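First to last, the sequence lines map onto chains A and B.
Our numbering puts the first sequence at residues 1 to 221.
Our numbering puts the second sequence at residues 1001 to 1230.
Note that beta-carbon positions come from the ideal geometry of N, C-alpha and C, so glycine has one too.
It should be emphasised that the depicted structure is a prediction, and the values quoted were computed from it without experimental measurement.
A quick write-up on the structure given underneath.
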Amino acid sequence: MCRLGDVARRKAPATFDEDEVDAALSRGDRQHAFTLLMTRYGDQVYRYALATTGDPQLAEEVRQQAFVEAYRDLPGFGARAPVRGWLFAIVRHRCLDASKAQRRWGRRYKNPLPGELDRDAMSRSGPMSGMILEEAELTDQLDRPRLAEVLERCLATLAPAAREAVLLRYQQDLSYDEAAEVTGERPGTLQQRVARALPVLRRCVQAQLRPGGSGQSGGQP
Amino acid sequence: MTCEHYWQDGILRVERGEHDPHRATCDDCQQAHRERALLVRALPEVRATSSGNPDWQSQVWRRIARAETSRARRSYWLGGALAAAGAAAAVALYLTRPQQIDRTVVAAVRVADADERPRVDIVRGPESARSHSARVGDRVQISVGAGIEVRVYRAERLVLRCPARQASPGCTPDAAGLIADAELTTAGEYQLVTITCRAALAAPAGALDPDLAAVVDAGGDYRLSDLSVR
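What follows is the structure in structure tokens.
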């Protein structure tokens, strides 16, 4: 387990007890267990899907498909693994499917996908190492909603695998071991992806926050 | 000249949970570490207030109901298909026996036991004695027990509705319940739906998915069968 001692940890809401899900399943009360899951993780799943696909409708579709699948597989789940990791593994696959469909659609009809224009502009701007940035210092005084908004745009510039690693680790607060279970990658691989992605995000955010900044930074780690 | 150690190497140590002695003595790296922490803290706030469709849980339950019905339907039709295959074999043997009879008398192919309900019969036009699949010009007859409503959709649009025990064109109540009869006028996919519901059902909107959702919402149960017409 690679826990960060010097970064404030976000705690999962204490109202949810995975044991309650296990207990409901052992009673054969699949509907109750499933309702608990939807209530606890529904919004998280949606936000993850939204950050991954960049499309609210697609994110909603991913959420609903993932939960239908989870309901189907719930009796066989058997608490072999933390339920959140199991659920996000399903969500991740649905996100991958949705992203593939999105790309096929984009190739066929040439319409820009959500966030694609930004990505195109950024990819034309070349590797970030060649950029001359007027760096805006990131400090705690930054307007947090504005930072989150800029960060969302910058996330869209990351390569899918890097974005997935960052989101699972720091949006969903999974440990690297849990994220590795979800993705089937090694924890070390995910650590490297995140370590490469965070500087890219930082430069992108700096570029967007500087006066007149329009996101002319980025590149895919 | 600023120190790039943190972004090139130190950050990976942080992700691995390793100690980085250089950072303790480097102001640039400490500042970089604070910036990283700021980014990491901001990531859960991305779209933090977005929660999508407020009705999403109901929609998931509807999808589950449909998926389960679909599974039940497959089992139902597997049994039906076996019965049909048996019936087809019997008809074929009958038709090919030495003493030929007039084939046009074979007017109906029973897909299930004659006394069983619900039951779906494809009633043939006079020119299609050998085929056991539905064709344009055939009729479909759905016989159901008492208290069951029948609906026939084509391409998921309603073409016939027979509320339980109500007589109307295409809908004939009988002693056992009701027989719905629809002509298969166009090639394509038909959906045959039988509905059981204790509560009174509102008039359907005419589109399959919303209509089935309304049945589930009203506490009803439905069985959906597909029929391909060539």
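Item checked: 8 Å Cβ cut-off: residues of chain A touching P1054 (chain B) -> As a position in the second sequence, residue 1054 (chain B) is number 54, starting the count at 1. Under the 8 Å cutoff, chain A gives no residues; its nearest Cβ is about 11 Å from P1054 (chain B).
Checklist line | Below-8 Å beta-carbon distance, D73 (chain A) vs any chain B residue | finding: Taking the first sequence and counting its residues from 1, one reaches residue 73 (chain A) at position 73. Not closer than 8 Å to any Cβ of chain B, the Cβ of D73 (chain A) fails to qualify, so no.
Notebook entry, point to check: How would you write the range of the beta strand (DSSP E) that S1225 (chain B) sits in, first residue to last?
Noted result: Your numbering for residue 1225 (chain B) matches position 225 in the second sequence. From DSSP, the beta strand (DSSP E) with S1225 (chain B) extends over D1221 to V1229.
Notebook entry, point to check: Okay, do the segment 178–195 of chain A and the segment 1079–1091 of chain B touch, 3+ Cβ pairs below 8 Å being the bar?
Noted result: no
Next item on the list: Identify, in the order they occur along the chain, each residue of the same chain with its Cβ nearer than 8 Å to the Cβ of T1025 (chain B), setting aside the five sequence neighbours on each side.
Entry: Counting from 1 along the second sequence, the entry for residue 1025 (chain B) is found at position 25. Exclusion of the five residues before and after T1025 (chain B) leaves no residue of its chain whose Cβ lies closer than 8 Å to its Cβ.
Notebook entry, point to check: With which residues is E1183 (chain B) paired in a DSSP beta bridge?
Noted result: Looking up residue 1183 (chain B) in the second sequence gives position 183. Looking at the DSSP assignment, E1183 (chain B) forms a beta bridge with B:R1139.
Checklist line | Interface flag, T1104 (chain B) vs chain A, CB-CB below 8 Å | finding: On the second sequence, position 104 is the one that residue 1104 (chain B) refers to. Because the pLDDT at T1104 (chain B) is just 29, under 50, the model does not fix this residue reliably, and the point stays unresolved.
Next item on the list: Could you name the residues that DSSP lists as bridge partners for S1168 (chain B)?
Entry: The count along the second sequence starts at 1 and reaches residue 1168 (chain B) at position 168. The partner list for S1168 (chain B) (beta bridge, DSSP) reads B:C1171.
Margin query: Do D1174 (chain B) and A1139 (chain B) have their beta-carbon atoms positioned less than 8 Å apart in this structure?
Written below: Residue mapping note: residue 1139 (chain B) aligns to position 139 of the second sequence, counting from 1. Residue mapping note: residue 1174 (chain B) aligns to position 174 of the second sequence, counting from 1. Residue identity check: residue 1139 (chain B) is Arg in the sequence provided, not Ala. Cβ distance not < 8 Å, so R1139 (chain B) and D1174 (chain B) don't count as in contact.
Notebook entry, point to check: Any residues in the segment 1169–1202 of chain B with a beta carbon nearer than 8 Å to a beta carbon of chain A? Which ones, in chain order?
Noted result: none
Check: Between A24 (chain A) and the rest of its own chain, which residues show a CB-CB distance below 8 Å, the 5 nearest in sequence each way excluded?
Finding: For the purposes of this step, residue 24 (chain A) is taken as residue 24 along the first sequence, with counting starting at 1. R30, H32, A33 and L36.
Note to self: Here's a check: name, in chain order, each residue in its chain whose Cβ is nearer than 7 Å to the Cβ of Q44 (chain A), leaving out the five neighbours to either side.
What the structure shows: Residue numbering aside, residue 44 (chain A) sits at position 44 when the first sequence is read from its first letter. Counting only Cβ-Cβ distances below 7 Å, and skipping sequence neighbours, we find Q172.
Item checked: CA nearest to the CA of W86 (chain A), picked from A:L168, A:L147 and A:A156 -> In the first sequence, the residue the question calls residue 86 (chain A) occupies position 86. Per the Cα distances, A:L168.
Note to self: Quick check on this structure: which residue in B:D1226, B:L1227 and B:A1214 has the alpha carbon closest to the alpha carbon of R1063 (chain B)?
What the structure shows: Numbered from 1 along the second sequence, position 63 holds the residue referred to as residue 1063 (chain B). Comparing Cα positions, the closest option is B:A1214.
Note to self: My output table needs one value for A1200 (chain B): the three-state DSSP class, helix, strand or coil.
What the structure shows: For the purposes of this step, residue 1200 (chain B) is identified with residue 200 of the second sequence, where counting begins at 1. DSSP, read as helix, strand or coil, puts A1200 (chain B) in coil.
Next item on the list: Take E276 (chain A) and list the residues in its own chain whose beta-carbon comes closer than 7 Å to its own, dropping the five residues that flank it on each side.
Entry: Missing from the structure shown is residue 276 (chain A); chain A here goes from 1 to 221 and no further.
Next item on the list: Over the uninterrupted alpha helix (DSSP H) stretch that includes E1149 (chain B), give me the two end residues.
Entry: If you number the second sequence from 1, residue 1149 (chain B) lands on position 149. From DSSP, E1149 (chain B) is part of no alpha helix (DSSP H) but of the beta strand (DSSP E) over I1148 to R1154.
Check: Between V1040 (chain B) and chain A, is there a C-beta pair that is closer than 8 Å?
Finding: Within the second sequence, numbered from 1, the residue matching residue 1040 (chain B) stands at position 40. Output row for V1040 (chain B): interface = yes.
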